[in-house]
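Below: the structure, in structure tokens.
There are 2 protein chains.
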Amino acid sequence: MKMYEIQDVTFELKKYEFSEPFRITGWIHNEAENVDVKVVLKSGKIGMGEASPSYRVNGEKVSALMALQKDVKEMLIGSDVRNYRRIFEIMDGFSRTAPSVKAAVQYAILDSLSMATEMPVYQMLGGSKSEIKIDKTVGIDELNKMVEKAKRFYHEEGYETLKIKVGENLKEDVRKILAISDATKGASYVVDANQGYSVKEAIQFANATYENGVNIVVFEQPVIWNNLDGLKILRYNSPIPIAADESAKTKYDVYELIRNGCVDFINIKLMKSGISDALSIVELAKTTDTGLMIGCMSESSLGISQSVHFAAGIGAFAYHDLDSHMLLKERGFRGKFKQEGELIKL
Amino acid sequence: MKMYEIQDVTFELKKYEFSEPFRITGWIHNEAENVDVKVVLKSGKIGMGEASPSYRVNGEKVSALMALQKDVKEMLIGSDVRNYRRIFEIMDGFSRTAPSVKAAVQYAILDSLSMATEMPVYQMLGGSKSEIKIDKTVGIDELNKMVEKAKRFYHEEGYETLKIKVGENLKEDVRKILAISDATKGASYVVDANQGYSVKEAIQFANATYENGVNIVVFEQPVIWNNLDGLKILRYNSPIPIAADESAKTKYDVYELIRNGCVDFINIKLMKSGISDALSIVELAKTTDTGLMIGCMSESSLGISQSVHFAAGIGAFAYHDLDSHMLLKERGFRGKFKQEGELIKL
Chain A
0 MKMYEIQDVT FELKKYEFSE PFRITGWIHN EAENVDVKVV LKSGKIGMGE
50 ASPSYRVNGE KVSALMALQK DVKEMLIGSD VRNYRRIFEI MDGFSRTAPS
100 VKAAVQYAIL DSLSMATEMP VYQMLGGSKS EIKIDKTVGI DELNKMVEKA
150 KRFYHEEGYE TLKIKVGENL KEDVRKILAI SDATKGASYV VDANQGYSVK
200 EAIQFANATY ENGVNIVVFE QPVIWNNLDG LKILRYNSPI PIAADESAKT
250 KYDVYELIRN GCVDFINIKL MKSGISDALS IVELAKTTDT GLMIGCMSES
300 SLGISQSVHF AAGIGAFAYH DLDSHMLLKE RGFRGKFKQE GELIKL
Chain B
0 MKMYEIQDVT FELKKYEFSE PFRITGWIHN EAENVDVKVV LKSGKIGMGE
50 ASPSYRVNGE KVSALMALQK DVKEMLIGSD VRNYRRIFEI MDGFSRTAPS
100 VKAAVQYAIL DSLSMATEMP VYQMLGGSKS EIKIDKTVGI DELNKMVEKA
150 KRFYHEEGYE TLKIKVGENL KEDVRKILAI SDATKGASYV VDANQGYSVK
200 EAIQFANATY ENGVNIVVFE QPVIWNNLDG LKILRYNSPI PIAADESAKT
250 KYDVYELIRN GCVDFINIKL MKSGISDALS IVELAKTTDT GLMIGCMSES
300 SLGISQSVHF AAGIGAFAYH DLDSHMLLKE RGFRGKFKQE GELIKL
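Those protein sequence lines, which keep their order, are chains A and B. The first sequence maps to residues 0 to 345 in numbering that gives the first Met the number 0. The second sequence maps to residues 0 to 345 in numbering that gives the first Met the number 0.
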């Protein structure tokens with residue numbers, strides 16, 4: 000059955016502008032440079048994936064990723080995509096050097112198999128859910144602007160969960176969160192400090208918001224990624240759940256976080272872990288009663304589609320922070336899903 | 000798409016005689032009572048699975064398993080098998096009370112999906128390998144008989160890995176293993192004590208065989224299943240790899256074994272863990288560099304086929320102890336694989 004053989008793998012560089020500057024701790028995003036990955040089978044069927052590299056988190060640069068095209072093609076050409084675990088394993092070598100390419104290729108393999116078998120990827124992965132709800136993100140800005148945006152997302156657009164970026168100034172951050180909470184009563188908040196706080200600051204933030212009744216459901220990566228002891232101290236001194244994001248790239252990272260009792264939640268992103276490590280992390284988290292959310296880098300609708308299918312297929316995520324496609328200017332929608340506000344249907 | 004809906008689930012009790020009594024520590028097998036599980040889809044496609052319950056390991060009795068037929072049917076009827084993770088989760092409730100039924104139903108679901116999509120189960124699971132090598136087992140017997148059997152399996156039938164049952168008498172066991180090793184130079188041995196030794200005896204066995212140059216690649220479950228501290232002490236005092244079998248039923252068991260550093264190897268059996276926990280255990284073991292083997296209870300060719308497809312699809316097992324179908328008298332071969340001695344091809 001040559002039909003399932005990989006005939007070609009191509010990379011295409013794509014640039015996207017953000018609709019408005021997107022600010023997080025220590026970083027402002029104005030544009031995204033992503034890589035479309037196309038896998039072509041002998042049958043002519045095509046699978047698509049997207050790499051959205053993050054220099055901040057993964058140390059990736061798109062120049063180096065694009066330069067890998069020939070290597071990846073040589074590594075995969077002639078492989079049978081039905082034997083996808085073999086291909087996953089080949090790509091695992093890029094876990095630290097090019098995790099977003101690993102993710103895009105691994106997903107494109109599943110997508111090509113899905114095209115060939117006419118079974119959507121989310122069902123190939125188990126079909127746990129046929130719809131999920133996503134959050135929408137409020138970047139760092141002046142207090143009034145953050146409150147206005149939160150009100151719009153919650154009251155007008157119907158997003159029940161808001162993601163709020165903090166981490167640059169503890170006192171201001173607490174003021175902002177309290178103001179947002181006042182203006183959007185009933186909402187849930189995923190608060191993300193992107194490594195901006197010290198352990199002591201993070202404890203202060205958690206207590207101050209909790210005592211004021213702010214409904215924070217997850218407090219993401221309050222401290223620097225490599226401070227595992229700090230995360231653990233914070234976890235046991237915080238009334239609200241602590242999540243690892245930048246600390247949790249590979250399955251090995253997550254095993255260490257969990258066995259050392261460092262966190263309540265893991266934020267899985269395909270761009271950090273690929274499909275293969277993401278599958279491992281899910282099993283590890285479910286076994287140890289660790290909470291799971293899924294996030295994104297700066298994916299377009301193509302890359303968000305990957306995470307949507309993964310999340311629905313696996314069905315293990317309490318929160319879906321999959322909104323980057325709404326922050327980018329993109330010519331045409333390329334997701335294999337339908338979106339009605341916060342609701343995403345497959 | 001009603002085609003993929005489950006229309007019926009039926010159980011059928013099957014009895015098999017062993018070709019000759021099969022003796023392990025504290026137990027003699029003369030017959031096996033297994034349950035064929037059939038899942039019928041609206042399309043008419045049929046998926047088959049087999050439960051081979053073990054009272055010794057799991058506390059299961061076939062009477063209670065057969066009595067579950069109506070419940071299982073009610074729990075699953077109308078489900079879409081493409082959403083197999085939902086069904087896996089429903090069956091997870093039986094993890095302790097009826098793990099062999101959980102395994103058979105979970106596999107039958109995959110088999111029915113495989114029939115509907117015309118993709119073999121091992122490829123649905125990732126297609127890591129298209130062939131595997133199995134071992135063949137020498138039960139407890141008089142020294143001469145064990146040696147004769149080992150010689151036949153190794154020299155005449157070509158099995159490179161022999162599984163040797165020990166555990167009832169340390170001194171005799173060492174004599175037997177040395178005699179077998181002398182008579183089958185070049186072979187590898189998986190030695191299984193089925194919980195028969197004390198920790199001190201197990202350390203003596205490991206050292207005595209190692210010092211005499213016996214090529215034992217895995218030493219299975221030397222001590223009682225609930226002695227985790229004992230396993231750990233043994234592990235750090237044994238020159239040969241220690242495996243958990245009876246200690247490793249669910250993914251939760253395996254997480255505790257691994258995080259506490261108790262073992263070098265895990266023996267996964269679908270009859271202990273089902274497909275769902277087996278998948279978790281594989282990810283956990285691979286993340287922590289723990290060795291993996293796969294074993295069986297008293298499955299016929301139908302049940303062995305399950306483990307063959309699982310093992311080849313996942314591709315993570317160093318040893319495949321999947322020979323129970325060769326110990327049973329079975330009317331017709333029902334495996335979806337071809338066997339040439341130790342070689343199993345898909």
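We put the CB at the ideal spot given by N, CA and C, even for glycine.
Who are the near neighbours of residue i in its chain, counting only those whose CB is closer than 8 angstroms to its CB and skipping five residues on each side?
i         : result
B:Thr-24  : Ile-139, Lys-164, Val-165, Gly-166, Glu-167, Ala-192, Asn-193, Gln-194 and Gly-195
B:Ala-149 : Val-137, Leu-161, Ile-163, Ile-179, Ala-182, Thr-183 and Ala-186
A:Val-213 : Ile-176, Leu-177, Ser-180 and Tyr-188
B:Leu-256 : Leu-227, Leu-230, Ala-243, Ser-246, Ala-247, Val-262 and Ile-265
For residue i, which beta-bridge partners are listed by DSSP?
i         : result
A:Ser-349 : Any property of residue 349 of chain A remains undetermined from this structure, which presents chain A solely from 0 to 345.
B:His-28  : B:Phe-21
B:Val-222 : In DSSP, B:Val-222 forms no bridge with anything.
B:Asn-33  : B:Lys-13
B:Tyr-209 : Paired residues: none, contrary to the question.
B:Gln-338 : B:Ile-343
B:Met-47  : B:Lys-37
A:Met-292 : A:Asn-266 and A:Tyr-318
B:Ile-215 : B:Tyr-188
A:Leu-327 : A:Phe-17
A:Asp-7   : A:Val-39
Would you tell me roughly how many angstroms separate the C-alpha atoms of residue i and residue j, rounded to the nearest one?
i         : j         : result
B:Val-281 : A:Gln-6   : 31 angstroms
A:Glu-147 : A:Gly-185 : 16 angstroms
B:Ala-207 : B:Val-216 : 15 angstroms
B:Ile-86  : B:Gln-105 : 7 angstroms
B:Thr-160 : B:Leu-124 : 26 angstroms
A:Val-190 : A:Ala-182 : 16 angstroms
A:Asn-211 : A:Ala-201 : 16 angstroms
A:Ser-99  : B:Leu-109 : 31 angstroms
A:Asp-172 : A:Pro-240 : 18 angstroms
A:Phe-17  : B:Ser-246 : 54 angstroms
B:Gly-273 : B:Pro-221 : 24 angstroms
A:Arg-151 : A:Ser-304 : 25 angstroms
B:Phe-336 : B:Ser-127 : 15 angstroms
B:Glu-339 : B:Asn-226 : 39 angstroms
B:Lys-37  : B:Ile-343 : 24 angstroms
B:Ser-94  : B:Gly-157 : 37 angstroms
A:Gly-48  : B:His-154 : 51 angstroms
B:Ser-62  : A:Met-118 : 38 angstroms
For residue i, which residues from the same chain have a beta carbon less than 7 angstroms from its beta carbon, with the 5 sequence-adjacent residues on both sides left out?
i         : result
A:Leu-142 : Arg-174, Lys-175 and Ala-178
B:Gly-77  : Glu-4 and Ile-5
A:Asp-79  : Tyr-3 and Glu-4
B:Tyr-254 : Leu-283
Tell me which same chain residues have a C-beta within less than 6 angstroms of the C-beta of residue i, skipping the five on either side of it?
i         : result
B:Ala-310 : Ile-131, Ile-293, Phe-316 and His-319
A:Lys-13  : Asn-33 and Asp-35
B:Lys-250 : Asp-276, Ser-279 and Ile-280
A:Tyr-209 : Pro-238 and Ile-239
A:Met-270 : Ser-51, Ser-99, Ala-102 and Met-296
B:Ile-89  : Met-74
A:Lys-248 : Lys-271
Q: Entirely within the region 231-289 of chain A and at least 3 residues each: give me those beta strand (DSSP E) ranges in chain order.
A: Counting only runs of 3 or more, we get 241-243 and 264-267.
Q | Chain-ordered residues of the region 272-283 of chain B with a beta carbon less than 9 angstroms from chain A | A | Here the close residues are Asp-276, Leu-278, Ser-279, Ile-280, Val-281, Glu-282 and Leu-283.
Q) Quick one, which residues of the region 66-81 of chain B are near chain A if we go by CB-CB under 8 angstroms, in chain order? A) If the cut-off is 8 angstroms between Cβ atoms, the region 66-81 of chain B has Asp-79 and Arg-81 near chain A.
Q) In the region 78-144 of chain A, which residue ranges form an unbroken beta strand (DSSP E) of at least 3 residues, counting only runs that do not cross its ends? A) Contiguous beta strand (DSSP E) elements confined to the region 78-144 of chain A occur at 130-132 and 135-137, taking only those with 3 or more residues.
Q. Going along the chain, which residues of the region 120-132 of chain A sit with their C-beta nearer than 7 angstroms to a C-beta in chain B?
A. So the close ones are Gln-122, Gly-125, Gly-126 and Ser-127.
Q) Using a Cβ cut-off of 9 angstroms, which residues of the region 41-62 of chain B contact any Cβ in chain A, in chain order? A) Considering only beta carbons, no part of the region 41-62 of chain B lies closer than 9 angstroms to chain A.
Q. Which residues, taken in chain order from the region 238-253 of chain A, show a beta carbon closer than 7 angstroms to some beta carbon of chain B?
A. Interface annotation for the region 238-253 of chain A against chain B: Lys-250 and Tyr-251, criterion Cβ-Cβ distance under 7 angstroms.
Q) According to a CB-to-CB cut-off of less than 8 angstroms, which residues of the region 83-108 of chain A neighbour chain B? A) The region 83-108 of chain A vs chain B, Cβ under 8 angstroms: Tyr-83, Arg-84, Arg-85, Phe-87 and Glu-88.
Q. Which of the residues in the region 287-305 of chain B, read from start to end, lie with their CB under 7 angstroms from any CB of chain A?
A. Taking 7 angstroms as the upper bound on Cβ-Cβ separation, chain A lies near residues Thr-287 of the region 287-305 of chain B.
**Q.** Residues of the region 254-272 of chain B whose Cβ lies closer than 9 angstroms to any Cβ of chain A, in chain order
**A.** Answer in chain order: Tyr-254, Ile-257 and Arg-258.
(Q) Please list, in chain order, the residues of the region 311-325 of chain A that have any C-beta partner in chain B closer than 8 angstroms. (A) Sequence-ordered contacts of the region 311-325 of chain A with chain B read Gly-312, Ile-313 and Gly-314 [C-beta pairs closer than 8 angstroms].
Q: Could you list the residues in the region 132-159 of chain B with a C-beta less than 8 angstroms from some C-beta on chain A, going in chain order?
A: Taking a C-beta cut-off of 8 angstroms against chain A, none of the residues of the region 132-159 of chain B qualify.
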